[in-house]
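Notes follow the structure.
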Amino acid sequence: MSFSPVASATARVLAAASHSTHEGVKTWKILTFVLALPGVGVCMANAYMKMQANSHEQPEFVPYPHLRIRTKKFPWGDGNHSLFHNSHTNALPGGYEGSHH
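Under numbering that gives the first Met the number 0, the residues of the sequence shown are numbered 0 to 100, in order.
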């Protein structure tokens with residue numbers, strides 16, 4: 000029974016990989032500690048610095064007529080707040096709620 004050249008090449012690669020599983024584990028462990036964990040640390044530092052640089056003030060409320068249209072009440076709460084309402088970032092049809100800071 001003869002195999003095609005592609006099948007025999009694939010079999011050789013898989014056979015070679017099965018003999019070196021210990022080296023593969025060692026390689027991925029080194030890559031994790033040398034590249035992945037420092038990469039996560041750099042991303043965390045970047046996010047923290049960007050958060051510190053931006054202001055957290057509410058933007059001025061502009062009552063555009065095409066936004067915050069309520070044709071019927073929401074089925075939860077008082078019917079005016081969305082399900083995941085955040086009083087600092089989500090305005091109601093009449094404007095922002097009072098400041099909690």
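Positions of the beta carbon are idealized from the N, C-alpha and C atoms, including for glycine.
| Item | Value |
| --- | --- |
| Cβ-based neighbour list, residue 94, same chain, cut-off 8 angstroms, excluding 5 preceding and 5 following | 60, 62 |
| Which residues DSSP lists as bridging residue 91, in chain order | 94 |
| For residue 66, three-class secondary structure by DSSP | coil |
| Touch test, the region 37–52 against the region 75–95, Cβ-Cβ under 8 angstroms, three pairs minimum | no |
| 8 angstroms contact criterion, which residue 67 and residue 90 should meet: CB distance rounded | 7 angstroms |
| Nearest-angstrom Cβ-Cβ length linking residue 21 and residue 57, presumed shorter than 8 angstroms | Actually they do not touch by this definition, with Cβ atoms about 58 angstroms apart. |
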